[in-house]
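A.B. asks: Respectively, the protein sequence lines represent chains B and W.
Quick note on our numbering: the first sequence kicks off at 121 and runs consecutively.
Quick note on our numbering: the second sequence kicks off at 169 and runs consecutively.
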Amino acid sequence: MIEVKNVSQSYNRHGQRKTLEDINFSVREHTITALVGANGAGKSTLLGVMANLLPALSGSVLLDGTDVRRVKTNAMAKKVAFLKQTQLLSIRVTVNDLVEFGRFPHCAGRLTQLDRDKVSQALEYMNLTELRERYLDELSGGQRQRAFIAMILAQDTPYIFLDEPLNNLDVKYSVEMMKIVQRLVSELNKTVVMVLHDINFAAAYAGYIVAMKDGRIIREGVPEEMITRETLRAVFDFDFRIEKYGGKNVCLYFDNE
Amino acid sequence: MRILIIALFVVLVALSLMIGSLGGVTPKALLAGDETALRVLLYSRIPRTAAIILSAAGLSVAGLIMQAISRNKFMSPATSGTTDAAAFGLLMSFIFLSKQSGIVQTLFAFVFALVATLLFTSVINRLKLREVVYIPLLGMMYGGLISALTTAVAYRFDAMQMMASIGLGSFARLGNFAIVYIVVAPLILSVMYASKFSIIGLGEDFAKNLGVRYRRVVFLGLAVISLISAATFVAVGPLPFIGLIIPNMATSFYGDNLKKSIIDLMLFGADFVLVCDILSRLIIYPFEMSVSLTVSIIGGVIFMIYLLRGMYGNRKQKTV
Ligand SMILES: Nc1ncnc2c1ncn2[C@@H]1O[C@H](COP(=O)(O)OP(=O)(O)OP(=O)(O)O)[C@@H](O)[C@H]1O
Ligand SMILES: [Mg+2]
Numbered sequence: 121m122i123e124v125k126n127v128s129q130s131y132n133r134h135g136q137r138k139t140l141e142d143i144n145f146s147v148r149e150h151t152i153t154a155l156v157g158a159n160g161a162g163k164s165t166l167l168g169v170m171a172n173l174l175p176a177l178s179g180s181v182l183l184d185g186t187d188v189r190r191v192k193t194n195a196m197a198k199k200v201a202f203l204k205q206t207q208l209l210s211i212r213v214t215v216n217d218l219v220e221f222g223r224f225p226h227c228a229g230r231l232t233q234l235d236r237d238k239v240s241q242a243l244e245y246m247n248l249t250e251l252r253e254r255y256l257d258e259l260s261g262g263q264r265q266r267a268f269i270a271m272i273l274a275q276d277t278p279y280i281f282l283d284e285p286l287n288n289l290d291v292k293y294s295v296e297m298m299k300i301v302q303r304l305v306s307e308l309n310k311t312v313v314m315v316l317h318d319i320n321f322a323a324a325y326a327g328y329i330v331a332m333k334d335g336r337i338i339r340e341g342v343p344e345e346m347i348t349r350e351t352l353r354a355v356f357d358f359d360f361r362i363e364k365y366g367g368k369n370v371c372l373y374f375d376n377e
Numbered sequence: 169m170r171i172l173i174i175a176l177f178v179v180l181v182a183l184s185l186m187i188g189s190l191g192g193v194t195p196k197a198l199l200a201g202d203e204t205a206l207r208v209l210l211y212s213r214i215p216r217t218a219a220i221i222l223s224a225a226g227l228s229v230a231g232l233i234m235q236a237i238s239r240n241k242f243m244s245p246a247t248s249g250t251t252d253a254a255a256f257g258l259l260m261s262f263i264f265l266s267k268q269s270g271i272v273q274t275l276f277a278f279v280f281a282l283v284a285t286l287l288f289t290s291v292i293n294r295l296k297l298r299e300v301v302y303i304p305l306l307g308m309m310y311g312g313l314i315s316a317l318t319t320a321v322a323y324r325f326d327a328m329q330m331m332a333s334i335g336l337g338s339f340a341r342l343g344n345f346a347i348v349y350i351v352v353a354p355l356i357l358s359v360m361y362a363s364k365f366s367i368i369g370l371g372e373d374f375a376k377n378l379g380v381r382y383r384r385v386v387f388l389g390l391a392v393i394s395l396i397s398a399a400t401f402v403a404v405g406p407l408p409f410i411g412l413i414i415p416n417m418a419t420s421f422y423g424d425n426l427k428k429s430i431i432d433l434m435l436f437g438a439d440f441v442l443v444c445d446i447l448s449r450l451i452i453y454p455f456e457m458s459v460s461l462t463v464s465i466i467g468g469v470i471f472m473i474y475l476l477r478g479m480y481g482n483r484k485q486k487t488v
């Protein structure tokens, strides 16, 4: 269980300008939660606080009832895997090395057969088996993104936070990625929180949508409640056209009056 | 690749044991039970060869860890003030405690090296420099400052002679070799922590996500680097370039996953210095030159080639 209680955060030293203001919400178990909102709304910051990478100014994040600040780094790494929005490509390693790093919380670098199997599975899942010996800097942006996601899969945690995982993925892989995430939830009982920019992906694949604006959660609910003209205008300051398609609401964002 | 490095290692160790100003240390003599030959082997050749292997392996690893921590291929103990601070620490132990055992000297050198390196890395982190070459340049200026201070203090306390005798690295120095065995401990630590050092190379948040305590591992890495630099400095003096070129050559082969490369890197570093040492003993036989000189010349040339190739490669990439 992850609960966010009265969390505020600020990047200023004295907290004059709040990046997050009084955030309260509980992560729905075994569901994909989509975090949506305009650029700068505070989505990444919230995930960072939830993963205990950033300290909160006030309030707390509880993981199974314990404040994350009191959870040991290694114990946390077995519970929560977090893929940041941008990856530092500072070292030259192969896809396989990277995915093996994902097993680090479990084996501290000494891989057992189980760890190797998990690595192979993750590579298989992300369709990277053929590229496993390639260096990351020799891959396309999307292939690299898949390699990082494979690492997160290998980490095999009950909670997975993904900050814009569809970055750099083409349509085929975006859809495939979302289906993989769905399978993680339905087959492996994971709980996923992901930042999505394409509202239609959120509507189609998420079980729950949390909308942020200016550091606050302004709406949350299941997709049917959230994909309305009124809600979306409040969140994005933008008029979407909502159409029914196959029983689901679809947003159109091109001005073609 | 590994087999090649190991084979070379075995040959070079054998050669290193055979060569010296006193002839007669041959397998034949040893097998025949020649006592002088045996004594020379035991008390002069083996310690010397061990000192070469350990200091070379140590400095290569120190450079590798330094480069992983700083995410900068131009970093090494010699470009972060570490070596110079070790020299300063050695001088301090000489001034305050006069003639001391190697252990105490190493301890002083270690503490000064660690403090200086911590200071440098924390300042660098605060500056957030974008251009990677500025950092080692700053480090060299910083090291220059420390060694100028060392010289000034040495003048003031009439310790110039002592400093001058250390000024050039040498494996011919007697008595202090035992100190180099201290290097074994940080070497074992660095093999154990190899994966962690690679992971912190991917950034603080990345490391934390994988359950690695970033600051602790960085501190441990800097301590390993400082101890290796201090012990090798006290035992054999400065060996320039090793910490720079060996890790660069190794990572261009193996990538930056330290776990894969660290053992080979040690052997490769040892191979390199063994060759340099054998050359410095043969060139003006039966005398020998300072191994620092040989290492500098050969290492400098290799580094230049490496730099030029890198620059050429970059330019090629840009135009494509
Ligand atoms: N390291 C930082 N230092 C100072 N301010 C920051 C920092 N990171 C983010 N901010 C500010 O905090 C606010 C929220 O940023 P955050 O990255 O959480 O937004 P986001 O919702 O993830 O946006 P995006 O969709 O662009 O990724 C922004 O106004 C941003 O400028
Ligand atoms: Mg973001």
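For each residue, glycine too, the CB sits at the ideal point set by N, CA and C.
What you are looking at is a predicted structure, and each value in this text was computed from that prediction instead of being measured.
Residues of chain B with CB closer than 9 Å to the CB of Val-380 of chain W, please, in chain order.
C.D. replies: Taking the second sequence and counting its residues from 1, one reaches residue 380 of chain W at position 212. Within 9 Å Cβ-Cβ: Thr-193, Asn-194, Ala-197, Phe-224, Pro-225.
A.B. asks: At a cut of 8 Å, does the region 423-434 of chain W reach the region 211-225 of chain B through at least three beta carbon pairs?
C.D. replies: With a cut-off of 8 Å, the region 211-225 of chain B and the region 423-434 of chain W count as touching, because enough Cβ pairs lie within range.
A.B. asks: When burial is assigned at 16 or more other CB atoms within 10 Å of the CB, is Gly-160 of chain B buried or exposed?
C.D. replies: If you number the first sequence from 1, residue 160 of chain B lands on position 40. It is exposed - the Cβ of Gly-160 of chain B has fewer than 16 other Cβ atoms within 10 Å.
A.B. asks: Where does Asn-482 of chain W fall in DSSP's three states?
C.D. replies: Counted from its first residue, the second sequence places residue 482 of chain W at position 314. Because the pLDDT at Asn-482 of chain W is just 48, under 50, the model does not fix this residue reliably, and the point stays unresolved.
A.B. asks: Taking DSSP as the reference, what is the three-state secondary structure of Ile-173 of chain W?
C.D. replies: Residue numbering aside, residue 173 of chain W sits at position 5 when the second sequence is read from its first letter. Helix at Ile-173 of chain W.
A.B. asks: Give, in chain order, every unbroken run of the alpha helix (DSSP H) that is at least 4 residues long and sits entirely within the region 386-436 of chain W.
C.D. replies: List check, alpha helix (DSSP H) in window: 410-422.
A.B. asks: Do Val-355 of chain B and Ile-337 of chain B count as a contact pair if the criterion is CB distance below 8 Å?
C.D. replies: Position 217 of the first sequence holds residue 337 of chain B. Position 235 of the first sequence holds residue 355 of chain B. No, the pair does not count as a contact, with Cβ atoms beyond the cut-off.
A.B. asks: Ends of the alpha helix (DSSP H) at Gly-306 of chain B?
C.D. replies: In the first sequence, residue 306 of chain B corresponds to position 186, counting from 1. With the sequence shown as reference, residue 306 of chain B is identified as Ser, and Gly is not the correct amino acid for it. Looking at the DSSP string, the run of the alpha helix (DSSP H) that includes Ser-306 of chain B is 291-308.
A.B. asks: Go through the residues and name those whose CB comes closer than 6 Å to any heavy atom of ligand 1, in chain order.
C.D. replies: Chain-ordered list of matching residues: B:Tyr-131, B:Thr-139, B:Gly-157, B:Asn-159, B:Gly-160, B:Ala-161, B:Gly-162, B:Lys-163, B:Ser-164, B:Thr-165, B:Gln-205.
A.B. asks: Please state if the CB of Ala-403 of chain W and the CB of Ala-219 of chain W are separated by a distance shorter than 8 Å.
C.D. replies: If you number the second sequence from 1, residue 219 of chain W lands on position 51. If you number the second sequence from 1, residue 403 of chain W lands on position 235. In this structure, Ala-403 of chain W lies closer than 8 Å to Ala-219 of chain W by Cβ.
A.B. asks: Please list the terminal residues of the continuous alpha helix (DSSP H) segment that includes Phe-264 of chain W.
C.D. replies: Here residue 264 of chain W refers to the residue found at position 96 of the second sequence. That run of the alpha helix (DSSP H) goes 250-265.
A.B. asks: Can you list the alpha helix (DSSP H) stretches of 4 or more residues lying completely in the region 191-253 of chain B, in chain order?
C.D. replies: For the region 191-253 of chain B, whole alpha helix (DSSP H) runs of length 4 or above, ordered along the chain, are 193-199, 215-221, 224-227, 233-245.
A.B. asks: I want to check one thing, is the minimum distance from the CB of Asp-373 of chain W to the heavy atoms of ligand 3 below 7 Å?
C.D. replies: For the structure depicted, ligand 3 is absent and the ligand set comprises only ligand 1 and ligand 2.
A.B. asks: Measuring straight from C-alpha to C-alpha, what distance separates Ser-448 of chain W and Ala-225 of chain W?
C.D. replies: To locate residue 448 of chain W, count along the second sequence from 1; it is residue 280. To locate residue 225 of chain W, count along the second sequence from 1; it is residue 57. So the alpha carbons of these two residues sit roughly 19 Å apart.
A.B. asks: Beta carbon of Asp-283 of chain B: closer than 7 Å to some heavy atom of ligand 2?
C.D. replies: The residue labelled residue 283 of chain B in the question sits at position 163 within the first sequence. Checking the Cβ of Asp-283 of chain B against ligand 2 gives yes.
A.B. asks: I think Ile-152 of chain B touches Gly-327 of chain B, with their Cβ atoms under 8 Å apart; what is that distance to the nearest whole Å?
C.D. replies: By one-based count along the first sequence, residue 152 of chain B stands at place 32. By one-based count along the first sequence, residue 327 of chain B stands at place 207. Yes, Ile-152 of chain B and Gly-327 of chain B are in contact; Cβ-Cβ is about 5 Å, under 8 Å.
A.B. asks: In terms of residues, what are the limits of the alpha helix (DSSP H) holding Ser-260 of chain B?
C.D. replies: Taking the first sequence and counting its residues from 1, the one referred to as residue 260 of chain B is at position 140. Neither: Ser-260 of chain B is in no alpha helix (DSSP H) and is coded neither H nor E.
A.B. asks: Just mark Ile-473 of chain W as buried or exposed, buried being the case when its beta carbon has 16 or more other beta carbons within 10 Å.
C.D. replies: Your numbering for residue 473 of chain W matches position 305 in the second sequence. Label assigned to Ile-473 of chain W: exposed.
A.B. asks: Name the DSSP bridge partner or partners of Asn-70 of chain B?
C.D. replies: Nothing can be reported for residue 70 of chain B, as the shown portion of chain B is limited to 121 through 377.
A.B. asks: Within the same chain, show all residues whose beta-carbon is closer than 7 Å to that of Asp-445 of chain W, passing over the 5 residues directly before and after it, in chain order.
C.D. replies: Position 277 of the second sequence holds residue 445 of chain W. So the list reads Ser-184, Ile-220, Phe-339, Val-459, once near-sequence residues are dropped.
A.B. asks: Got a sec: which bits of the region 202-232 of chain B sit with their beta carbon under 7 Å from any beta carbon on chain W, in order along the chain?
C.D. replies: Hits within the stretch, in order: Phe-202, Lys-204, Leu-208, Ser-210, Ile-211, Arg-212, Val-213, Thr-214, Asp-217, Phe-221, Phe-224, Pro-225, Gly-229.
A.B. asks: Kindly say whether Glu-253 of chain B, judged by its beta-carbon, lies nearer than 8 Å to any beta-carbon of chain W.
C.D. replies: Taking the first sequence and counting its residues from 1, the one referred to as residue 253 of chain B is at position 133. Output row for Glu-253 of chain B: interface = no.
A.B. asks: Grab me the residues of Tyr-382 of chain W's own chain with a C-beta within less than 8 Å of its C-beta, minus the 5 sequence neighbours each way, in chain order.
C.D. replies: Here residue 382 of chain W refers to the residue found at position 214 when the second sequence is read from its first residue. Here the set comprises Ile-368, Glu-372, Ala-375, Lys-376.
A.B. asks: Can you determine whether any heavy atom of ligand 2 sits closer than 7 Å to the C-beta of Val-169 of chain B, and answer yes or no?
C.D. replies: In the first sequence, counting from the first residue as 1, residue 169 of chain B sits at position 49. Checking every heavy atom of ligand 2 against the Cβ of Val-169 of chain B, none is found closer than 7 Å.
A.B. asks: Could you check the C-alpha separation between Phe-455 of chain W and Ile-187 of chain W for me, to the nearest Å?
C.D. replies: Counting from one through the second sequence, the residue named residue 455 of chain W turns up at place 287. Counting from one through the second sequence, the residue named residue 187 of chain W turns up at place 19. The alpha-carbon atoms of Phe-455 of chain W and Ile-187 of chain W are separated by roughly 12 Å.
A.B. asks: Can you list, in chain order, the residues of its chain with a C-beta nearer than 7 Å to that of Ser-397 of chain W? Leave out the 5 residues immediately preceding and following it.
C.D. replies: Here residue 397 of chain W refers to the residue found at position 229 of the second sequence. Within the same chain, Ser-397 of chain W has close Cβ partners Ala-230, Pro-245, Thr-250, Thr-251, Ala-254, Ala-281.
A.B. asks: Would you decide whether Gln-129 of chain B is buried or exposed? Buried here means 16 or more other CB atoms lie within 10 Å of its CB.
C.D. replies: Start at 1 with the first residue of the first sequence, and residue 129 of chain B comes out as number 9. Classification for Gln-129 of chain B: buried.
A.B. asks: List the residues of chain B whose Cβ lies closer than 9 Å to the Cβ of Arg-239 of chain W, in chain order.
C.D. replies: Residue numbering aside, residue 239 of chain W sits at position 71 when the second sequence is read from its first letter. Result: Leu-208, Ser-210, Ile-211.
A.B. asks: Quick check on the DSSP output: the alpha helix (DSSP H) that includes Leu-378 of chain W runs from which residue to which?
C.D. replies: Counting from 1 along the second sequence, the entry for residue 378 of chain W is found at position 210. Careful: Leu-378 of chain W lies outside any alpha helix (DSSP H) and carries neither H nor E.
A.B. asks: Please report the Cβ distance between Val-330 of chain B and Phe-145 of chain B, rounded to the nearest whole angstrom; I am assuming they are in contact, meaning their Cβ atoms lie under 8 Å.
C.D. replies: For this step, residue 330 of chain B is matched to residue 210 along the first sequence. For this step, residue 145 of chain B is matched to residue 25 along the first sequence. At roughly 6 Å, the Cβ-Cβ gap stays under 8 Å, so Val-330 of chain B and Phe-145 of chain B are in contact.
A.B. asks: Run the CB neighbour count on Met-328 of chain W, radius 10 Å, all protein chains shown included, and call it buried at 16 or more, exposed below.
C.D. replies: One-based indexing of the second sequence puts residue 328 of chain W at position 160. The residue in question, Met-328 of chain W, is exposed, as its Cβ has fewer than 16 Cβ neighbours within 10 Å.
A.B. asks: Any heavy atom of ligand 2 closer than 7 Å to the Cβ of Val-315 of chain B?
C.D. replies: Position 195 of the first sequence, counted from the start, is the residue given in the question as residue 315 of chain B. Yes, Cβ of Val-315 of chain B sits closer than 7 Å to a heavy atom of ligand 2.
A.B. asks: Which chain W residues sit within Cβ distance under 7 Å of Leu-173 of chain B?
C.D. replies: Taking the first residue of the first sequence as 1, we reach residue 173 of chain B at position 53. Ordered by position in chain W, the residues that pass the 7 Å Cβ test against Leu-173 of chain B are Asp-373, Lys-376.
A.B. asks: For the 8 Å Cβ check, are there 3 or more pairs between the region 383-397 of chain W and the region 281-291 of chain W?
C.D. replies: Output reads yes: the region 281-291 of chain W touches the region 383-397 of chain W.
A.B. asks: Are the region 187-195 of chain B and the region 233-244 of chain B touching, with three or more C-beta to C-beta distances below 8 Å?
C.D. replies: No, the region 187-195 of chain B does not touch the region 233-244 of chain B.
A.B. asks: Run through DSSP, which three-state label would Thr-487 of chain W get?
C.D. replies: Working through the second sequence from its first residue, we reach residue 487 of chain W at position 319. Note that Thr-487 of chain W has pLDDT 35, beneath the 50 cutoff, so the model's placement of it is unreliable and the number below is only indicative. In the structure shown, Thr-487 of chain W sits in a helix (DSSP, three-state: H, G or I).
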